[in-house]
Each structure stands twice: as C-alpha cells, then as structure tokens.
Amino acid sequence: MQPLLLLLALLLPLGTGTEEIIGGHEVKPHSRPYMAFLQFLDNGKKRRCGSVLVHKYFVLTAAHCRGSSMRVILGAHNIEKKERTQQVIPVKRAIPHPDYKNFSNDIMLLKLERKAKQTAAVKPLRLPESKNPGDSGDPLVCNNMVQGIFSYGKQNGTPPGIFMKVSHFLPWIKRTMKRL
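full-length UniProt numbering puts the last residue of the sequence shown at 180; the count rises by one with no breaks.
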C-alpha cells in the first residue's frame, strides 16, 4: 500500500504541499505498469492527474481532470525524465460520466488516439467483474483490479480520501468502451 501512496503523492499537482514524501519509499521502476500520467491545460494552466490504463485504447481517471490538449504518458517511472519505456499518446475523446457534477460521479474514460503498445512497463489493469470487491484519477487497486478512482481528499494528504467505486460504474464504462 505504501508504494501506491507514494505514487499518488508524486502525481498530485504542484503546490498542494505534497512534494515531500513522508514515511514512503520509491517503488521499483515499472512495477505498476497500469499507471498513467495525464497532462492537460485548464484555462491556460498546465495541470496533471493520475489515471489507469484499463484497455489498450482506454484510460480511466477522475472527471474533474478535464481540459484541452489532453495527453497520456504510459510506461514512466520518473515523469521528469525521458525514458525509452514511455509512450505519449494524445487523448482522442474525454467521456465524463453523464451524471458528473461537483465530485459526484467523478469518473471519466479517455479514449486514446492510438492503442497503447503493451510492454513490461505498460499493461492494462483489469476491471472488476462484479460489484464485490492521491492523486485525482489514480486507481485504488485490490486483487490486481482497479476498485476505485481517487476523486478528492484533504490538501495535506491525510485521510480520508474519497474514491469513486469503479464497479458501480461498470455498466457505463463497458457500454461506453463498446460504443467507441
């Protein structure tokens, strides 16, 4: 769990007071090949969110992580450096949940311009098959499946963090992915 928390903290927007890691450690490079880094412009300002690759053409993130010039970086260990494992893919279409409003139903699918090439550093994370069981858009992972998408929490990073339960949105996710 600590490696995931570290990854979540690293992907939070600058200025949120989470630039330092407290009680965490760096994860083994590319040990989370499903992690995706979303960059976009919001009113001319560069923003970023975490996200998760769930299919070769789709990334799941928080709906409030929307803007222009959206692109996803896959296969990165250190986002500040160019790595041969990185794949930078523009977002073709952002599909927020139809009932998204002020952190309610805060979940969004991103259709990629081209498919992600699966490698050791880039692999999709399975969606849960039933209703049984950071950073904005980052996944809550359990049993190698995405169970939640981080929506919001306290600015200082202390609990609680609010996650959208992915299994609740499965019909919408599957219907949307099939349609596109």
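The C-beta atom is built at its ideal place from N, Cα and C for all residues, glycine as well.
All values derive from a computational prediction rather than experimental measurement.
Item, Value
"Which same chain residues end up closer than 8 Å to Ile-95 when comparing Cβ atoms and leaving out the 5 residues on each side of it in sequence?", "Met-108, Leu-109, Leu-110, Lys-111, Thr-176, Leu-180"
"State the Cα-Cα distance for the pair Asn-78 and Ile-149, rounded to the nearest angstrom.", "22 Å"
"Quick one, which of Ala-76, Val-52, Asp-42 has its alpha-carbon nearest Lys-28's?", "Ala-76"
"Using 10 angstroms around the beta-carbon of Cys-49, count the other beta-carbons present and answer buried if the total reaches 16, otherwise exposed.", "buried"
"Could you tell me which whole beta strand (DSSP E) segments of length 3 or greater appear in the UniProt domain \"Peptidase S1\" (21-178)?", "35-42, 45-55, 58-61, 68-74, 87-96, 108-112, 139-142, 145-153, 161-165"
"Of the residues Phe-58, Lys-45, Gln-147, Pro-128, which one's Cα is nearest the Cα of Val-122?", "Phe-58"
"For Lys-45, which residues of its own chain have a beta-carbon under 8 Å away from its beta-carbon, when the five flanking residues on both sides are left out?", "none"
"Taking Cβ to Cβ, would you say Leu-127 is nearer than 8 Å to Leu-74?", "no"
"Using only the alpha-carbon positions, how far apart do Asn-105 and Val-166 sit?", "10 Å"
"Just mark Phe-163 as buried or exposed, buried being the case when its beta carbon has 16 or more other beta carbons within 10 Å.", "buried"
"Within a Cβ cutoff of 6 Å, which residues of the same chain sit near Thr-61, ignoring the five residues on either side of it in sequence?", "Leu-38, Cys-49, Ser-51, Met-108, Gly-137"
"Within a Cβ cutoff of 6 Å, which residues of the same chain sit near Met-145, ignoring the five residues on either side of it in sequence?", "Arg-126, Pro-128"
"Give me the Cα-Cα distance between Lys-82 and Ile-173, rounded to the nearest whole angstrom.", "32 Å"
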